[in-house]
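As structure tokens, the structure follows; a few thoughts come after it.
Protein chains: 4
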Amino acid sequence: MGIVLGPNRYGKAENRLLRVYRDTPRHEIRDLNVSTSLRGDFADAHVTGDQAKVLPTDTQKNTVFAFAKERRVGQIEEFALTLGRHFVDDIEPVDLARVDIEEFAWERIEVDGRGHDHSFVRTGPEVRTTAVTVESGAAWVVSGLKDLTVLKSTGSEFSGFLTDRYTTLPETWDRVLATSLEVQWRYGRLVVDWAVSYASVRAILLSRFATTRSMALQQSLWEMGRGVLEERPEVAEIRLSAPNRHHIAVDLTAFGLENPNEVFHATDRPYGVIRATAVRDDAPPAGPAWDV
Amino acid sequence: MGIVLGPNRYGKAENRLLRVYRDTPRHEIRDLNVSTSLRGDFADAHVTGDQAKVLPTDTQKNTVFAFAKERRVGQIEEFALTLGRHFVDDIEPVDLARVDIEEFAWERIEVDGRGHDHSFVRTGPEVRTTAVTVESGAAWVVSGLKDLTVLKSTGSEFSGFLTDRYTTLPETWDRVLATSLEVQWRYGRLVVDWAVSYASVRAILLSRFATTRSMALQQSLWEMGRGVLEERPEVAEIRLSAPNRHHIAVDLTAFGLENPNEVFHATDRPYGVIRATAVRDDAPPAGPAWDV
Amino acid sequence: MGIVLGPNRYGKAENRLLRVYRDTPRHEIRDLNVSTSLRGDFADAHVTGDQAKVLPTDTQKNTVFAFAKERRVGQIEEFALTLGRHFVDDIEPVDLARVDIEEFAWERIEVDGRGHDHSFVRTGPEVRTTAVTVESGAAWVVSGLKDLTVLKSTGSEFSGFLTDRYTTLPETWDRVLATSLEVQWRYGRLVVDWAVSYASVRAILLSRFATTRSMALQQSLWEMGRGVLEERPEVAEIRLSAPNRHHIAVDLTAFGLENPNEVFHATDRPYGVIRATAVRDDAPPAGPAWDV
Amino acid sequence: MGIVLGPNRYGKAENRLLRVYRDTPRHEIRDLNVSTSLRGDFADAHVTGDQAKVLPTDTQKNTVFAFAKERRVGQIEEFALTLGRHFVDDIEPVDLARVDIEEFAWERIEVDGRGHDHSFVRTGPEVRTTAVTVESGAAWVVSGLKDLTVLKSTGSEFSGFLTDRYTTLPETWDRVLATSLEVQWRYGRLVVDWAVSYASVRAILLSRFATTRSMALQQSLWEMGRGVLEERPEVAEIRLSAPNRHHIAVDLTAFGLENPNEVFHATDRPYGVIRATAVRDDAPPAGPAWDV
Chain Z
18 MGIVLGPNRY GKAENRLLRV YRDTPRHEIR DLNVSTSLRG DFADAHVTGD
68 QAKVLPTDTQ KNTVFAFAKE RRVGQIEEFA LTLGRHFVDD IEPVDLARVD
118 IEEFAWERIE VDGRGHDHSF VRTGPEVRTT AVTVESGAAW VVSGLKDLTV
168 LKSTGSEFSG FLTDRYTTLP ETWDRVLATS LEVQWRYGRL VVDWAVSYAS
218 VRAILLSRFA TTRSMALQQS LWEMGRGVLE ERPEVAEIRL SAPNRHHIAV
268 DLTAFGLENP NEVFHATDRP YGVIRATAVR DDAPPAGPAW DV
Chain F
18 MGIVLGPNRY GKAENRLLRV YRDTPRHEIR DLNVSTSLRG DFADAHVTGD
68 QAKVLPTDTQ KNTVFAFAKE RRVGQIEEFA LTLGRHFVDD IEPVDLARVD
118 IEEFAWERIE VDGRGHDHSF VRTGPEVRTT AVTVESGAAW VVSGLKDLTV
168 LKSTGSEFSG FLTDRYTTLP ETWDRVLATS LEVQWRYGRL VVDWAVSYAS
218 VRAILLSRFA TTRSMALQQS LWEMGRGVLE ERPEVAEIRL SAPNRHHIAV
268 DLTAFGLENP NEVFHATDRP YGVIRATAVR DDAPPAGPAW DV
Chain G
18 MGIVLGPNRY GKAENRLLRV YRDTPRHEIR DLNVSTSLRG DFADAHVTGD
68 QAKVLPTDTQ KNTVFAFAKE RRVGQIEEFA LTLGRHFVDD IEPVDLARVD
118 IEEFAWERIE VDGRGHDHSF VRTGPEVRTT AVTVESGAAW VVSGLKDLTV
168 LKSTGSEFSG FLTDRYTTLP ETWDRVLATS LEVQWRYGRL VVDWAVSYAS
218 VRAILLSRFA TTRSMALQQS LWEMGRGVLE ERPEVAEIRL SAPNRHHIAV
268 DLTAFGLENP NEVFHATDRP YGVIRATAVR DDAPPAGPAW DV
Chain S
18 MGIVLGPNRY GKAENRLLRV YRDTPRHEIR DLNVSTSLRG DFADAHVTGD
68 QAKVLPTDTQ KNTVFAFAKE RRVGQIEEFA LTLGRHFVDD IEPVDLARVD
118 IEEFAWERIE VDGRGHDHSF VRTGPEVRTT AVTVESGAAW VVSGLKDLTV
168 LKSTGSEFSG FLTDRYTTLP ETWDRVLATS LEVQWRYGRL VVDWAVSYAS
218 VRAILLSRFA TTRSMALQQS LWEMGRGVLE ERPEVAEIRL SAPNRHHIAV
268 DLTAFGLENP NEVFHATDRP YGVIRATAVR DDAPPAGPAW DV
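Residue numbers (our numbering), protein chains in the order written: chain Z, 18 to 309; chain F, 18 to 309; chain G, 18 to 309; chain S, 18 to 309.
Here it is, written out as structure tokens:
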């Protein structure tokens with residue numbers, strides 16, 4: 018019997034980078050949260066304490082900021098690919114790099130009906146994301162969004178479900194359906210108009226959520242995922258995670274009032290969690306598992 | 018020497034209310050976080066444990082939901098006034114009520130170029146607020162917003178400041194200025210088009226932030242506050258609180274790179290905090306202090 | 018009619034300071050979050066943009082770290098007084114300084130039955146606080162704690178309360194009472210053994226919470242506050258704020274089970290909020306109001 | 018080309034359960050956050066909207082609370098196994114269940130030198146966790162802890178590391194090392210004294226952290242993980258995730274002060290992230306991957 022070192026990785030998380038493009042008086046900004054993580058020949062760092070193959074996380078941070086100047090940022094998928102390839106190609110002990118980026122959206126402040134040159138206001142709350150994995154000669158891009166919060170005030174039911182002795186939930190054919198979506202979609206190729214693809218996927222998700230008469234959140238997620246795959250050939254697989262933010266119709270009968278689904282209490286916990294994946298049956302294989 | 022009961026109050030915080038208006042197939046929704054708090058003749062509840070004059074916080078919660086059905090919600094200022102007046106007028110031991118409401122904004126999901134009838138997506142991140150104080154025969158409305166995050170990529174300087182032996186900050190004539198605004202404005206009267214006033218104050222704050230060449234965040238706040246008072250006669254006083262979210266230009270010289278204000282590290286802590294008030298010299302007096 | 022600058026202040030919030038005392042191999046550490054805020058002759062900074070009287074918040078930060086070295090830290094009340102007096106006495110335009118400090122508690126890691134010399138583990142979750150206000154020749158110390166979470170599994174009732182048409186809450190003579198305390202106590206003098214006083218107040222709060230048969234959270238707060246004033250002559254006034262973290266006994270009758278207060282659902286929102294003050298009738302006056 | 022449903026699961030997250038044992042006047046409490054998640058024959062729920070095989074998440078919630086009464090809670094590993102086996106054995110469409118539990122620690126309030134019968138105070142901040150996966154006839158238990166925050170004020174270095182053109186970090190032979198540990202350990206068997214094992218693993222982690230002269234956080238993690246496997250035969254594998262909470266020695270030379278590692282600025286972001294695994298070379302296989 019022996020004890021061995023298993024999977025390991027290290028990196029620098031949450032480098033908060035603002036990149037300003039000021040080539041003209043009409044500035045552009047990109048507001049990012051960049052995390053890097055490396056795998057490779059790092060057993061000595063753990064087992065003997067020898068750091069000779071370890072590129073400091075501080076250096077990874079410097080690289081993020083230097084590359085933001087040297088190579089510009091572009092779309093977050095491009096920036097993550099550039100960083101990941103650098104670590105794998107240029108740092109000898111590194112076999113695999115993962116770069117995660119969150120992007121926070123801003124729009125120009127409107128002054129006299131026109132967007133201002135260098136003043137901006139945050140929009141949101143949703144956040145655009147990408148997770149790029151790079152090996153020597155290969156790369157995988159999984160982009161996504163989180164905190165996209167949606168609600169239907171009707172057009173949602175939940176009935177005909179399985180019951181057991183612990184079931185007390187009544188069936189309903191009209192309820193509020195609300196969730197805060199976290200979605201990741203894996204691209205089947207690396208030549209993509211990332212900005213167009215992101216905007217289109219987001220619009221499809223919202224539209225399918227709106228137009229699906231929902232038998233359950235499961236069905237809504239499937240329809241949203243299927244819709245993206247139908248309309249966006251560059252996407253190979255999509256995973257959706259959705260907390261079911263329960264809105265409980267308040268019982269007002271004690272006060273002599275009816276409540277035909279007009280007044281709801283929005284609850285925090287517990288909440289349902291539904292996760293589903295839609296995938297092409299000819300999708301290329303996913304990247305290396307990220308199991309630690 | 019004796020020990021006496023000083024200021025006290027009690028209430029129900031964070032009633033998360035969703036109100037759906039479904040009089041037509043084109044639904045409207047209002048998503049609120051309502052907190053109530055009462056002052057009055059409650060010494061016995063503390064000192065002897067006698068609860069005979071205490072209206073349970075559970076009842077306050079029920080009242081919020083019942084009123085949402087019975088009286089509808091309207092603008093948050095109206096709803097808060099209605100609730101506050103009820104507690105003061107109808108519950109004998111109550112001398113003073115305060116109702117705080119946060120409103121979360123939603124917009125219709127766009128489907129085929131048109132807003133959907135009953136499907137919505139959260140916008141933000143900013144939150145609209147009101148704090149209404151009611152006494153018998155009197156009321157004060159202080160509305161506001163929070164988490165309105167703004168940034169200027171130029172047009173901001175900080176120079177000519179006081180120095181001492183602990184000062185190392187260099188002067189700058191071009192920096193990034195970023196803050197997450199929390200603003201409250203006190204109305205001088207109770208007959209107001211609340212929705213119009215809110216939208217207008219928000220637009221003025223943004224516009225003045227954008228167009229002020231800023232010598233310091235202090236000056237930006239003053240210009241924003243002054244702008245609101247100049248343009249909105251219904252506002253008697255305005256208070257602005259602004260963390261200075263420092264963006265530090267990264268020193269890239271070690272990598273042979275210049276950084277003419279293009280690459281910044283957005284820091285979390287510490288941050289500056291600037292608070293300022295603009296007030297009319299003939300403003301009516303503020304409401305009772307809320308000193309506990 | 019004119020528009021004038023009202024109350025204003027500025028400072029540096031959340032300087033995260035770790036002070037290590039390593040005079041001997043047995044190190045001591047103090048882990049603090051220090052915020053400073055200044056009032057004074059700062060109208061020009063707002064109105065004309067002239068910063069000549071403004072000591073930068075960056076300098077305030079430097080002062081915190083430099084004083085931690087030069088003057089050591091000692092108890093947080095001492096460190097706050099030292100910083101506050103420096104700003105008022107040494108920086109000409111400053112009339113009033115407020116210094117807020119949070120202290121995070123650590124204990125030595127136990128190795129072979131003995132606390133280690135230089136390895137520590139965080140305890141908590143409660144946080145010790147102080148808020149010190151300094152004017153020329155005067156100072157006020159308000160210390161406290163927050164996030165002290167307590168629970169009684171019996172010995173708490175709520176009955177005999179006022180009812181109206183919106184009341185549905187049943188009376189109870191046995192319930193779970195849980196809260197996360199936030200307490201501030203104002204000292205009546207400045208010569209105090211701060212560490213002893215803090216530990217003693219904390220112990221009194223806990224003990225009174227435990228031994229009071231509670232007719233309501235109001236009564237528990239009063240007994241806790243009164244207990245501190247009875248036993249700690251250095252304390253002039255004490256304010257307690259307590260969310261009532263409702264624990265709802267789950268109705269298990271549908272499953273053929275009784276639930277004699279054994280199984281509870283701990284709810285998040287809404288929650289009750291109770292605030293109360295106990296004060297000596299001969300307490301010296303409080304410091305300047307902190308009204309912006 | 019077709020689009021198919023991939024991995025999916027659903028459940029009820031964050032059931033906040035307080036269990037009071039009141040068989041004698043000396044009460045015991047267990048404060049838990051329980052999440053359940055099910056996999057199985059649920060394709061119809063997604064693809065056709067037919068919910069006939071879906072046990073509602075509301076029923077899962079009811080089951081958690083009912084079992085807390087019927088079967089008592091015991092150690093969190095036992096409670097999770099009981100719940101997981103119920104879902105797999107008794108609910109026909111379920112192939113696999115995962116139950117995650119967080120436990121929050123409380124201790125008795127001390128009154129007159131003795132722990133009170135029914136009054137408690139939260140300790141922390143660390144949280145005990147378990148994640149149990151159950152299939153028909155098999156189960157895997159992965160227990161852990163999170164938010165265990167530790168710091169060494171000396172005995173940590175970082176030198177001899179790899180450098181490239183983006184490296185500016187100086188070597189150091191004496192630094193502050195601080196992290197907030199998140200650790201999971203997989204048990205190799207199901208007959209374990211869970212309480213003893215938890216307490217022992219926690220003590221080993223702390224002790225090894227304290228006594229390891231650290232060449233890097235990597236080495237500290239490895240020594241901690243190895244120590245657990247050496248001393249606890251019931252543990253087959255252990256994974257440690259540790260943010261490197263950087264403490265930067267403040268440069269005080271501008272103020273004429275030396276800073277021999279006495280005054281530090283504790284930073285928030287970015288932070289290093291180190292993850293490592295120690296595993297027995299004869300460890301039994303892990304449970305099914307949890308890949309969505």
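Every residue, glycine too, gets a C-beta built ideally from N, C-alpha and C.
What is the rounded straight-line gap between the Cα of residue i and the Cα of residue j?
i, j, result
"A148(Z)", "V208(G)", "57 Å"
"D48(Z)", "N79(Z)", "17 Å"
"A271(Z)", "Y183(G)", "8 Å"
"L324(F)", "T53(F)", "Since the first residue shown for chain F is 18 and the last is 309, residue 324(F) is missing from the structure and cannot be characterised."
"G28(Z)", "Q77(G)", "33 Å"
"A30(Z)", "P287(S)", "5 Å"
"E127(S)", "S170(G)", "15 Å"
"L162(S)", "H103(F)", "49 Å"
"Q235(F)", "E254(G)", "35 Å"
"P301(G)", "V159(G)", "13 Å"
"L246(S)", "P24(Z)", "16 Å"
"D67(S)", "W190(Z)", "13 Å"
"E188(F)", "D164(F)", "29 Å"
"T140(S)", "V64(F)", "30 Å"
"A303(Z)", "I118(Z)", "19 Å"
"P142(G)", "V51(S)", "21 Å"
Tell me, please, which residues DSSP counts as bridged to residue i.
i, result
"F175(Z)", "T189(Z)"
"T3(G)", "The structure shown does not extend to residue 3(G), since chain G is modelled only from 18 through 309, so no value can be given for it."
"Q201(G)", "G161(G) and R256(G)"
Verify the CB distance criterion: does residue i have a CB-CB separation below 9 Å to chain B?
i, result
"T294(F)", "In summary, chain B is missing from the structure at hand, where the protein chains are Z, F, G and S."
Determine, using beta carbons only, whether residue i and residue j come nearer to each other than 9 Å.
i, j, result
"V218(S)", "V167(S)", "no"
"T196(G)", "R262(G)", "yes"
"V71(S)", "P110(S)", "yes"
"E124(S)", "G132(S)", "yes"
"A122(F)", "V280(Z)", "no"
"E199(Z)", "S258(Z)", "yes"
"V105(G)", "S153(G)", "yes"
Practice problem: Determine contact between the segment 84-96 of chain F and the segment 197-210 of chain G, defined as no fewer than three beta-carbon pairs at a distance below 8 Å. | Solution: no
Exercise. Check whether the segment 267-285 of chain S touches the segment 57-69 of chain Z, taking contact to mean three or more Cβ pairs, one atom from each stretch, closer than 8 Å.
Key: no
Quiz item: Is the segment 174-193 of chain F in contact with the segment 28-37 of chain G, if contact means three or more CB pairs nearer than 8 Å?
Solution: no
Quiz item: What are the uninterrupted segments assigned as alpha helix (DSSP H) that are 4 or more residues long and contained completely in the segment 42-88 of chain F, given in chain order?
Solution: 60-64 and 74-87
Self-check item: At least three beta-carbon pairs within less than 8 Å, the segment 235-244 of chain Z to the segment 291-309 of chain Z
Solution: yes
Exercise. Indicate whether the contact test is met: 3 or more Cβ pairs, each with one atom in the segment 224-238 of chain G and one in the segment 118-138 of chain S, closer than 8 Å.
Key: yes
Practice problem: Go through the segment 103-140 of chain Z residue by residue and report every complete run of the beta strand (DSSP E) that reaches 3 residues or more, in order. | Solution: 111-121, 123-128 and 131-139
Quiz item: Which residue spans inside the segment 232-267 of chain F form an unbroken beta strand (DSSP E) run of at least 3?
Solution: 252-261 and 264-266
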